[in-house]
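> Take the sequence shown: its letters are residues 28 to 240, numbered as in my numbering. No residue lacks a Cβ here, since even glycine has one placed at the ideal position from N, Cα and C. Got a structure for you, written out below as structure tokens; questions coming shortly.
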Amino acid sequence: MNVGKLIEVMKTRSVHIPMFLLKNYKSLNINELEMIVLCLLMDESSIVDYTKIASSLNIESQDVLLIINNLNEKGLVEVNVVKNEQGIMEEHISIDNLYNKLALTMIGEEKESASNIYETFEREFGRTLSSMEYEIISGWLESNYKEEVIVEALREAVYNGASNLRYIDRILHEWNKKGIKSVKDVRANKEAFAKAKKEPIEIPDYNWLEDNE
Numbered sequence: 028m029n030v031g032k033l034i035e036v037m038k039t040r041s042v043h044i045p046m047f048l049l050k051n052y053k054s055l056n057i058n059e060l061e062m063i064v065l066c067l068l069m070d071e072s073s074i075v076d077y078t079k080i081a082s083s084l085n086i087e088s089q090d091v092l093l094i095i096n097n098l099n100e101k102g103l104v105e106v107n108v109v110k111n112e113q114g115i116m117e118e119h120i121s122i123d124n125l126y127n128k129l130a131l132t133m134i135g136e137e138k139e140s141a142s143n144i145y146e147t148f149e150r151e152f153g154r155t156l157s158s159m160e161y162e163i164i165s166g167w168l169e170s171n172y173k174e175e176v177i178v179e180a181l182r183e184a185v186y187n188g189a190s191n192l193r194y195i196d197r198i199l200h201e202w203n204k205k206g207i208k209s210v211k212d213v214r215a216n217k218e219a220f221a222k223a224k225k226e227p228i229e230i231p232d233y234n235w236l237e238d239n240e
């Protein structure tokens, strides 16, 4: 997902930003109180009620103003004074810069995660991957196969003595046809298959001789 698209998703609240911000606020060079104010700003319109935020945090409105000024200097928010329809000057606060920095952090984590999956393949195969193999694995990721499912298919292949991507691709294709989207689904499918094998075939108590009379 590119940065622009991710920012749009953030603004619609499809991504739980406060939790992500809680985990990553130190990388933004902000303290706990500044992080909390940012979370509150996400739930505000562009016209911020300083008194409301101050009341929520049990601090003075002047303290909120200082915090927002600090966030502005750190490039996380942008403060603009705009004249409204009644000709009154209003202070508007944009947090688009915050969304942009969080999006870049998320993209960075995705890239790091992707590099880890290649390392997992090389460790399981006991060798370096070829450029073609890198492209195939990248193609699976772009096709929205979850990383955990790809790794599970890898381990399934290695367990069966087939350490090659063609075999893994067949596994992923079969799982996709069965609607398997997670490791939990894989294990549930295996359990159902094992249970079906153990169940005895019932032979009906039927008297064929009487049926012919």
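Kindly indicate the opening and closing residues of the alpha helix (DSSP H) around residue 179.
Counted as a single uninterrupted DSSP element, the alpha helix (DSSP H) harbouring residue 179 occupies residues 174-186.
> Short check: CB of residue 104 to CB of residue 120, under 7 Å?
Yes; because the gap between Cβ atoms is below 7 Å, this pair is in contact.
> Taking 7 Å as the threshold (C-beta atoms), are residue 210 and residue 179 in contact?
yes
> Could you give the distance in angstroms between the alpha-carbon of residue 199 and the alpha-carbon of residue 130?
The alpha-carbon atoms of residue 199 and residue 130 are separated by roughly 29 Å.
> Judging by CA-CA distance, which residue of 67, 222, 77, 191 is the nearest neighbour of residue 151?
191
> With the cut-off set at 7 Å, would you say residue 77 and residue 64 are in Cβ contact?
No, they are not a contact pair.
> Using DSSP with H/G/I as helix, E/B as strand and the rest coil, what is residue 121?
strand
> CB-CB under 8 Å to residue 144, same chain, minus the five flanking residues each way: which ones, in chain order?
164, 168, 174, 177, 178
> Could you check what DSSP says for residue 74 in three-state terms: helix, strand or coil?
strand
> When we look at the beta-carbon of residue 7 and count the other beta-carbons within 10 Å, is it buried (16 or more) or exposed?
A query on residue 7 cannot be resolved here, the shown segment of the chain reaching from 28 to 240 and no further.
> I'd like to know whether the C-beta atoms of residue 172 and residue 184 end up nearer to each other than 7 Å.
no
> Given a threshold of 16 other Cβ atoms within 10 Å of its Cβ, counted over all protein chains shown, does residue 279 qualify as buried or as exposed?
Examination of residue 279 is not possible in this model, given that the chain is present from 28 through 240 alone.
> Out of curiosity, what's the CA-to-CA distance linking residue 83 and residue 70?
When only Cα atoms are considered, residue 83 and residue 70 end up about 13 Å apart.
> Output the distance between the C-alpha atoms of residue 58 and residue 156, rounded to the nearest integer angstrom.
43 Å
> Return the residue from the list 81, 62, 85 that minimises the CA-CA distance to residue 97.
62
> Identify the continuous beta strand (DSSP E) that holds residue 105 and give its terminal residues.
105-110
> How big is the Cα-Cα spacing for residue 67 and residue 80?
7 Å
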